[in-house]
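Engineer: Residue numbers (our numbering), protein chains in the order written: chain E, 634 to 1219; chain W, 32 to 298.
Structure incoming, see below.
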Amino acid sequence: MASEARRLLTAHFLRRLVDDDLISPNADRHESLAMICGCLASMGLFVSVLVSMKYLFNPYQTPGATAISALFDRFLFVSASMTATALVTLLAWDGLAVDARDASVLGAMPIRTRTIVGAKFGALVRFAAMFAGALNVSSCVIAPALMVSKLPIRAWQLPLLILAQAVTVAMAAAFGFFAVLAIRGLLHAALGRALFARVSALVQATLLVAVACAFLLLPVVVSRMNRVWLEPQSRAALMAPPLWFVGLQEMAIGHIIADLPRRQMPPRIREGEARATRLYAGARTLFPDLALKALVKLTAVTVMAVLLFAWNNRRMVPPPPATATAGWIRRGIGAAARVVIRQPVTQASFFFALQTLLRSAQHRLTLAASLAFGLTASVFAVAVGSATRASDSVPMTAGVLAVQPVLLTALLIGFRHAVRVPAELAANWAVQVAWAGDTRPHIAGAKVAGALLFVVGPVLALLPFYAVVFTLADALAIALCGLAAGAVILETLFMSYRKMPFACGYLPGDLKTILPIAFAAFVFFTYQFAHIELAALRSGAAPTFALVLVGIFLGLRSIDAFRRRTPRAFEFDEMPEPPTQRLGLS
Amino acid sequence: MIGASRNGGGRGLEARGLIKRYNAVAVVREVDVVVRPGEVIGYLGPNGSGKTTTVRMLTGLTEPSDGTVVHDGRNIYGDLVAFRRRLGYVPEEAHLYPFLSGREYLELVGRLRELPVTLLEKKIMSLLDLFGILSAADQPISGYSKGMKQKILISAALLHDPDLLILDEPESGLDVTAVLVLRSLITELARRGKAILYSSHIMESVERVCSRVMVLHRGAVVADDSSANLRTLLSRDSLEAVFAELVVQDNPARTASDIADVAAMRA
């Protein structure tokens, strides 16, 4: 009886975790799920083949060099598995405990609380396992197979390599999952239900930005790590959790590759092979410690997460009473906004945009993801820009200047996406009934909110940074250019937007086509902008540059106003194309 | 702006031959609805009879498969926006933005309806106070009870002083005092010339506040007259009995007994 209830509840909770009918009345949960899993699987496949190229096209593949190179590949796979699973778990943050709805519906049922909690836990494990499996399934088979395809290994050794890789990445994924669960549980237990409810969104967004940055920076980390961590004196590097699992994998496969017999090879290759063999022999002493650490830490974090989950969900209690917003803040912002924005509908849209962006979990996640992307791209920009300008006598580099446009563009793209997602699908009727037939004031209000949060905010936040790195005068000039550039980007992004911000059903577009184009445009624009800005700052023409940008902004506004001179009809809840057309079968 | 319709001089709402089909199945068939200024029309029907579909067609949220909806002599689909400026609507389900407070929600609706700020603030405070939820005005709606949400919906529908009110189950979740206030409010609004369509399951309310009653059954109107005339015509002493006569096919007592038998079944 209890096991049947647990099975049903697990399926129910799992369905809830992957539910996406909150953003479109026509959403197909299975389609979205298949798309996400497909993206992860193809990413795993792509990376596997990419990292295997160096083995496939190496005419003198040797065991020692391969053993060293394999360590970095394993670091990449283990880190990706760990961070991707942690990311997915963070995205389901609010569903990581028995929530108020579960408590109100299931609390009245004759089911033991531990059955409900067990089912919830089971659903969470399956949820994380599903995504970790999709990401790792191809890499577990393809990467080891391609790596040893030209080496004289025995028949039983390849399955062992595959199995070891599968177990290690699964354990790394488990570590990522349980670490997030443990952090959440620890905060919940320490702060109590009411206080945790207040800080939960902020913690989620912060962790999301941190883990997303770590995930996106993986290629840089792998390439920059070089062989430093293999040196005996660099034990500080061993604090990185992915390295524990790399060590575990090495212990599990018993140094199969490094111990393979050496064949005849040219002198130059032989020298390199001897160096690699010595390096690996030195690193061998680290692996037992790393493996032990992996097992101990994984066990500890799992036990901690399970115990905290059980403790925090020991009673089915209703949610704490909602707290009122501070009246003086609301009144202050309201009065200031009314001075700047005169039209009531634009005011309505402005406030609604602010409230949705700051309070809706779905929108906060979108913005956290775009902030993570922006920060990662900024790190790339600084690294690439500094490297190419290292010999420059002027300390100001395009890389450092690119931080501002990169961050602004990433945030504004995230904002542009967020306005398409409804604040609350079921409540759209209220805006629909009160709509006066013209979307222009609505879009204008949303754009003002976007400009305030994602142009003025970041520019002001970066002002002290630029003032410290350069001079205050330079920083002010950069801020001026940033404000003008932000206005241009915002205007450009909204040129094609014809719907009601935050109040229409959301249908994802053709991401396969849009994403590469958007990424190429992003890289091109930000780097070109940084170089032009650098030239303007050096020649003292930054105010002129800012004026040119303001001119472009005004031009774009005029074009936009002309294109929108007559209000156009649109569907609040657009129907998706039939599946046959989406699959190109028509 | 106080036009002819504000004084009760308009022609009200007229829907003729409304039909709604989903996948070729008609859920509303040839329904005529006429609501004149100063009238309160009760719209009754069992679950699944097509009440809410009709109401959504009358508000313009769902387009009819056939038929016309005319307000003050103009087809509402010709200028839906102008029609909605004069419409107040309380939907059946209290779907609101959960992360907004009650005050913020009313501010959003009021601003979208382009009400002057000072007037809007005054109206919001007064409505919240009169409905007894002023103390919860700044709490998120996610923490509201069903009755509090319903009061917010009713307040939002009244903010812009509409000529036409369409109320779909407005008493849902309200306590006894609030129900009594709502009934008096509807009577008062009708006295001031508003045209009101009142869809409800609660016979007592309909009988008390409505000047005319329409009964819908399986998508078609089976009665349209004053409550008193219907009672006389069908020789019944209450609207509930009239409704039972027109709509209820089975013997309720027998059905209740059958349900109790099913509940008592053992393996």
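C-beta: ideal position from N, C-alpha, C; glycine also.
Contact criterion: CB-CB distance below 9 Å. Does V855 (chain E) meet it with respect to chain W?
Structural biologist: Cβ-Cβ to chain W under 9 Å: no for V855 (chain E).
Engineer: Distance cutoff 9 Å, beta carbons only. Does L655 (chain E) sit that close to anything in chain W?
Structural biologist: Here L655 (chain E) scores only 49 on pLDDT, less than 50, and its place in the model is too uncertain to base an answer on.
Engineer: Would you mind sorting G48 (chain W) into buried or exposed? The rule is 16 or more other CB atoms within 10 Å of its CB.
Structural biologist: Result: exposed.
Engineer: Tell me, please, whether the CB atom of T1146 (chain E) is closer than 9 Å to any CB atom in chain W?
Structural biologist: Chain W, which has no Cβ nearer than 9 Å to the Cβ of T1146 (chain E), makes this no.
Engineer: Tell me which residue opens and which closes the beta strand (DSSP E) that R243 (chain W) is part of.
Structural biologist: That run of the beta strand (DSSP E) goes R243 to H248.
Engineer: Excluding the 5 residues preceding and the 5 following V278 (chain W) in the sequence, name in chain order all residues of the same chain whose CB lies nearer than 6 Å to its CB.
Structural biologist: The residues are P77 and H248.
Engineer: Listed from N- to C-terminal order along the chain, which residues in the region 1068 to 1086 of chain E have their beta-carbon within a distance smaller than 8 Å of any beta-carbon of chain W?
Structural biologist: So the close ones are W1068, A1069 and G1070.
Engineer: Would A1120 (chain E) and A1084 (chain E) be called neighbours here (beta carbons separated by less than 9 Å)?
Structural biologist: A contact, by the Cβ cut-off of 9 Å.
Engineer: Nearest CA to the CA of G104 (chain W): which residue from W:L44, W:L220, W:S186 and W:L151?
Structural biologist: Closest by alpha carbon: W:L44.
Engineer: Mind checking if G178 (chain W) is an interface residue toward chain E, Cβ cutoff 9 Å exclusive?
Structural biologist: Closer than 9 Å: no.
Engineer: Where does the unbroken alpha helix (DSSP H) through A57 (chain W) begin, and where does it stop?
Structural biologist: It is not in any alpha helix (DSSP H) - A57 (chain W) instead sits in the beta strand (DSSP E) that spans V56 to V66.
Engineer: Would you mind stating whether I164 (chain W) and L131 (chain W) have Cβ atoms separated by less than 9 Å?
Structural biologist: It is not a contact, given that the beta carbons lie outside the stated cut-off.
Engineer: Considering only C-alpha positions, which residue in the set E:F1048, E:R1201, E:E1166 and E:G1090 is nearest to T1030 (chain E)?
Structural biologist: The residue with the shortest Cα to Cα distance from T1030 (chain E) is E:E1166.
Engineer: If you follow the alpha helix (DSSP H) that G204 (chain W) is part of, which residue opens it and which one closes it?
Structural biologist: Here G204 (chain W) belongs to no alpha helix (DSSP H), and DSSP marks it neither H nor E.
Engineer: From the DSSP output, which residues share a beta bridge with L44 (chain W)?
Structural biologist: L44 (chain W) pairs with W:V66 and W:H102.
Engineer: For I962 (chain E), count the other beta carbons within 10 Å of its own beta carbon; 16 or more makes it buried, fewer makes it exposed. Which is it?
Structural biologist: Result: exposed.
Engineer: List the endpoints of the continuous beta strand (DSSP E) containing I72 (chain W).
Structural biologist: It spans V71 to L75 - the beta strand (DSSP E) in which I72 (chain W) sits, taken as one unbroken run.
Engineer: Would W961 (chain E) count as contacting chain W if we go by Cβ distances under 9 Å?
Structural biologist: Judged by the 9 Å Cβ criterion, W961 (chain E) is not in contact with chain W.
Engineer: If you run the structure through DSSP and keep just helix, strand and coil, what is L919 (chain E)?
Structural biologist: Three-state DSSP puts L919 (chain E) in a helix.
Engineer: With DSSP as the reference, identify every bridge partner of G119 (chain W), one or two as the case may be.
Structural biologist: In the DSSP output, where bridge partners are listed per residue, G119 (chain W) has W:L196.
Engineer: Report the neighbours of Y15 (chain W) on chain E: residues whose CB is nearer than 7 Å to its CB, in chain order.
Structural biologist: It is not possible to answer for residue 15 (chain W), since the shown part of chain W is limited to 32 through 298.
Engineer: Taking 8 Å as the threshold, find out whether the region 808 to 821 of chain E comes into contact with the region 965 to 984 of chain E through three or more Cβ pairs.
Structural biologist: Output reads no: the region 965 to 984 of chain E does not touch the region 808 to 821 of chain E.
Engineer: When you compare each of E:A788, E:A843 and E:L876 to S1002 (chain E) by their alpha carbons, which one comes out closest?
Structural biologist: Checking the displayed sequence, the identity of residue 1002 (chain E) turns out to be Ala instead of Ser. For A1002 (chain E), the nearest C-alpha among the options comes from E:A843.
Engineer: For the region 103 to 117 of chain W and the region 49 to 62 of chain W, state whether three or more C-beta atom pairs, one from each stretch, are separated by less than 8 Å.
Structural biologist: Contact fails: fewer than three Cβ-Cβ distances are below 8 Å.
Engineer: Figure out for me which residue from W:D169, W:Y74, W:A55 and W:N260 has the closest Cα to the Cα of S236 (chain W).
Structural biologist: When only C-alpha atoms are compared, the closest one is W:Y74.
Engineer: Would you verify that the beta carbon of G141 (chain W) is, or is not, closer than 9 Å to some beta carbon of chain E?
Structural biologist: Closer than 9 Å: yes.
Engineer: Applying the 10 Å Cβ sphere with the 16-neighbour rule, what's the burial state of L1045 (chain E)?
Structural biologist: By the 10 Å Cβ count, L1045 (chain E) comes out buried.
Engineer: Reducing DSSP to helix, strand and coil, say where R262 (chain W) ends up.
Structural biologist: If DSSP states are grouped into helix, strand and coil, R262 (chain W) belongs with the helices.
Engineer: Using alpha carbons as the reference points, say which of E:V758, E:A730 and E:R964 lies closest to A943 (chain E).
Structural biologist: Of the candidates E:V758, E:A730 and E:R964, the one whose C-alpha sits nearest the C-alpha of A943 (chain E) is E:A730.
Engineer: Helix or strand or just coil, what does DSSP make of A994 (chain E)?
Structural biologist: Of the three classes helix, strand and coil, the one that applies to A994 (chain E) here is helix, per DSSP.
Engineer: State yes or no: is the beta carbon of Q980 (chain E) nearer than 9 Å to at least one beta carbon in chain W?
Structural biologist: By this cut-off, Q980 (chain E) is an interface position.
Engineer: Of the residues E:A847, E:L1123, E:L893 and E:L724, which one's Cα is nearest the Cα of V1183 (chain E)?
Structural biologist: The option with the nearest alpha carbon to V1183 (chain E) is E:L1123.
Engineer: List, in chain order, every chain W residue whose beta-carbon is nearer than 9 Å to that of P1038 (chain E).
Structural biologist: By Cβ distance, chain W contributes nothing, its closest Cβ being about 32 Å from P1038 (chain E), past 9 Å.
Engineer: Can you tell which of W:P193, W:M88 and W:V71 has its C-alpha closest to the C-alpha of E61 (chain W)?
Structural biologist: Considering only alpha carbons, the answer is W:M88.
Engineer: Output needed in chain order: residues of the region 768 to 791 of chain E with a Cβ under 9 Å from some Cβ in chain W.
Structural biologist: Going along the region 768 to 791 of chain E in chain order, one finds no residue with a Cβ nearer than 9 Å to chain W.
Engineer: For I974 (chain E), count the other beta carbons within 10 Å of its own beta carbon; 16 or more makes it buried, fewer makes it exposed. Which is it?
Structural biologist: Buried, since its Cβ has 16 or more Cβ neighbours within 10 Å.
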